[in-house]
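Engineer: One structure is given below, represented as structure tokens, and several questions about it will come after.
2 protein chains.
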Amino acid sequence: MGIRRDADGGQRRPRLGHTGFLDCVPLFWGLARTTALLDVELVADTPDHLAQRLLAGDLDIAAVPAVTYLRHSESLLALPGIAAGSDGPMMSSVLVSSVGLDELHGGAVALAPAGPTSRRLARLLLEQRYGVVARYVSGSSDPASVLRGADAAVLFGNAALDAAVYRERTSAGPRVYDLAGLWRDWTGLPFVFAVWAVRREFAGCRPDAVAAAHRGLLAARDLARAENSELAVRTARWEPFDATTLERYFGRALDYSFGPRQVAGLAEFARRTEHGAPALASGEWFPG
Amino acid sequence: MGIRRDADGGQRRPRLGHTGFLDCVPLFWGLARTTALLDVELVADTPDHLAQRLLAGDLDIAAVPAVTYLRHSESLLALPGIAAGSDGPMMSSVLVSSVGLDELHGGAVALAPAGPTSRRLARLLLEQRYGVVARYVSGSSDPASVLRGADAAVLFGNAALDAAVYRERTSAGPRVYDLAGLWRDWTGLPFVFAVWAVRREFAGCRPDAVAAAHRGLLAARDLARAENSELAVRTARWEPFDATTLERYFGRALDYSFGPRQVAGLAEFARRTEHGAPALASGEWFPG
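Order-wise, the sequence lines are chains A and B.
Residue numbering for the first sequence follows the working numbering, starting at 1 and increasing by one per position.
Residue numbering for the second sequence follows the working numbering, starting at 289 and increasing by one per position.
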């Protein structure tokens, strides 16, 4: 017995991975409001795990760290038009330091567990822009203890945002260097921390599903931007930041675009970190 | 360092458990469209696991099988106004049988792994209404094989809906008895398969959060009902049923209400299965 028809050729919803962190909240809002959420199986995990699961075929599309995308461009394609980064200070990816950057030479820099692109960017800036040779050690993501045993620390996500806002409001505590801000000063370009990547194999088999998910992400982003004030107020109920901070973070610090300037920023990062950038050639884009 | 303020008294979003099965899709649609989804941490799991996790304090509010709620009313409260059941045939909880019910005496009845309330209701009906003493054996949820080695089988969810629609359209295959339909014929009352339960401890500590989640669920249900045709078309893209079947299932077979008639139906089920029903006293309701 059984009368079930094949839905979409018997195919399941694309499995879409996001961080569930604050930086993905606007897209979640947009995916919910537009009901695009009904057409995906949404999975939340850390950036590192999302990348591993995407490469292992356990996800179809995911927000993955830029360094992972550059390293695995033979099996991944970036969706055009949408990424996560900033064109100037981003607030949620910082180096906190008890001394000035030029005094860090020979010191110890703690690296937060999540955020491989932030870690790589911090090393790139310290080594190539400031000529700082440092020891890199594993760090926690707890701002209160991260400088015990280290002269500086790379922080990511809420811990970074917390440190940035605190320093800005009080001028107290350790110095806070915004990594994307330093990159912008150095190169004149935006910085891309994460791209939305699809497995090439999945894009080949299910191009319509990828195109639909891509359209859904773009529409979600646009709606979240249009409703940013309401989103900030709603999110502030549950997150440890006030609506003013969130409105600024979502609306101005974070940049979800991935156009020619962002592509140039990512290519420049690839060049300076000696990653090849084959998947950045226009013919290699997923044809959205 | 650290400037993070306490959000909602430093409290997190309520953790809300749903099955992720077809019977929860309308609420998911409504929670997304209304953005109430932003104010909960949504977790999908099987009905049995949701109940275990709620009782263990790993969830705060969850759709749990009626039998679990009745068994644990000392630690759980049902949210008023919303449940999952039907006032007549529900389509997704059935007994399939190769013989008539009165011929099942002495036979073997396979029980699907999920759906403890369906299992209990089937036994109750067979024993008390039809005087059938049968052997109950573990069954699969695969309609194609569930009758191998058994004379009848309790099916739940998609497998049940599949069997019901197939039988209706073709008059072929095993007979299909709708459990809620039989209950309605027997008692004149609706049947409640699952309630939305909150841990009493959580309701005591966080009444505002429970009231907000409750309002969110009610609004989600009402919006889903108003947009049932669109919801059915969208869901049919991915589920193995056509839009006509889904529109009927979501809009007419499933009943999300939990008013006096549904409470009476649940109390009657508790009485006939010798569960006490202390949490059904009106003073025991969570004051929504």
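The C-beta atom is built at its ideal place from N, Cα and C for all residues, glycine as well.
(1) Rank D439(B), E329(B) and D311(B) by C-alpha distance to the C-alpha of A497(B) and give the top, closest one.
(2) Is the Cβ of G290(B) closer than 9 Å to any Cβ of chain A?
(3) Taking Cβ-Cβ distances below 8 Å as the criterion, which residues of the region 488 to 514 of chain B are in contact with chain A?
(4) Should P377(B) and A482(B) be called a contact, given that it needs their Cβ atoms to be closer than 9 Å?
(5) Determine the chain A residues that contact D466(B) at a beta-carbon separation under 7 Å, and present them in chain order.
(6) Mind pulling the chain B residues with CB within less than 9 Å of D102(A)?
(7) Mind checking if T523(B) is an interface residue toward chain A, Cβ cutoff 9 Å exclusive?
(8) Could you work out which residue in G419(B), V425(B) and Y544(B) is closest to V397(B) when comparing CA atoms only?
(9) To the nearest angstrom, report how far apart R359(B) and C493(B) are at their CA atoms.
(10) For a contact defined as C-beta to C-beta under 8 Å, what are the partners of R175(A) on chain B?
(11) What are the boundary residues of the beta strand (DSSP E) that S537(B) is part of?
(12) Within the present structure, is the beta-carbon of A422(B) separated from the nearest heavy atom of the ligand MG by less than 8 Å?
(13) Looking at the C-beta of A555(B), does it have a partner C-beta in chain A at a distance below 9 Å?
(14) Out of A51(A), R248(A), Y256(A) and S141(A), which one is the CA nearest neighbour of F156(A)?
(15) What does the Cβ neighbour count give for S570(B), buried or exposed, with the cut at 16 atoms within 10 Å?
(16) According to DSSP, simplified to helix, strand and coil, what is V25(A)?
(17) Which residue marks the beginning of the beta strand (DSSP E) containing A84(A), and which one marks its end?
(18) Chain B beta carbons: is any one of them nearer than 9 Å to that of T46(A)?
(19) Output, in sequence order along the chain, the residues in the region 310 to 323 of chain B whose CB is closer than 9 Å to any CB in chain A.
(20) Using CA atoms only, rank isn't needed, just tell me which of L315(B), L319(B) and D375(B) is closest to R472(B).
(21) Closest to F28(A) by CA distance: which of R225(A), A152(A) and R272(A) is it?
(22) Whose CA, out of T334(B), A491(B) and A422(B), lies closest to the CA of H393(B)?
(23) Short of 6 Å in beta carbon distance, which residues of its chain neighbour R12(A), apart from the five on each side in sequence? Order them along the chain.
(24) Would you say L383(B) lies against chain A (beta-carbon separation less than 9 Å)?
(25) What whole-angstrom Cβ distance do D96(A) and R175(A) have, given they're in contact under 8 Å?
(26) What would DSSP say about A448(B), mapped onto helix, strand or coil?
(27) For F490(B), collect the residues of the same chain with a Cβ closer than 6 Å to its Cβ; drop the 5 residues on either side in sequence, then sort them by chain order.
(28) Return the CA-CA distance between E247(A) and R120(A), expressed in angstroms with no decimal places.
(29) Below 8 Å on the Cβ atoms is my contact criterion, and I expect Y57(A) with R199(A) to pass it. Report the Cβ-Cβ distance as a whole number of Å.
(30) Determine the extent of the beta strand (DSSP E) in which E41(A) is found, giving its start and end residues.
(31) Roughly how many angstroms lie between the CA atoms of V355(B) and R237(A), to the nearest whole one?
(32) Nearest to A366(B) by CA position, among V480(B), R559(B), G318(B) and A441(B), is which residue?
(33) Classify D178(A) as helix, strand or coil using the three-state DSSP reduction.
(34) Cα-Cα, which of G553(B), H502(B) and A402(B) is closest to A447(B)?
(35) Which one or two residues does DSSP pair with R15(A) in a beta bridge?
(36) Buried or exposed: where does G188(A) fall if 16 or more other Cβ atoms within 10 Å of its Cβ makes it buried?
Structural biologist: Per the coordinate set shown:
(1) E329(B)
(2) In this prediction, G290(B) scores a pLDDT of 49, lower than 50, which makes its location untrustworthy; the coordinate-derived value is nonetheless stated afterwards. For G290(B), the answer is yes, since a Cβ of chain A falls inside 9 Å of its Cβ.
(3) none
(4) no
(5) None at all; the shortest Cβ gap to chain A is about 15 Å.
(6) Ordered by position in chain B, no residue passes the 9 Å Cβ test against D102(A), which lies about 22 Å from the chain.
(7) yes
(8) V425(B)
(9) 23 Å
(10) Near R175(A) there are no residues of chain B at all, since even the closest Cβ is about 11 Å away, more than 8 Å.
(11) Note on identity: in this sequence residue 537(B) is Tyr, with Ser being the wrong assignment. Taken as a continuous stretch (DSSP letters only), Y537(B) belongs to no beta strand (DSSP E), as it is neither H nor E.
(12) Only the bare structure without any ligand can be found here, which leaves the ligand MG out of the picture.
(13) no
(14) S141(A)
(15) Unreliable placement is indicated for S570(B), whose pLDDT of 35 sits below 50; no coordinate value is reported for it.
(16) helix
(17) L76 to S86
(18) no
(19) V313, F316, W317, L319, A320, R321, T322 and T323
(20) D375(B)
(21) R225(A)
(22) A422(B)
(23) none
(24) no
(25) Correcting the residue identity first, residue 96(A) is Val in this sequence and not Asp. The pair is a contact, with the Cβ atoms about 7 Å apart (cut-off 8 Å).
(26) helix
(27) D348
(28) 28 Å
(29) Residue identity check: residue 57(A) is Gly in the sequence provided, not Tyr. Indeed, because the Cβ distance is near 7 Å, the residues count as touching under 8 Å.
(30) E41 to A44
(31) 35 Å
(32) V480(B)
(33) strand
(34) A402(B)
(35) E41(A)
(36) exposed
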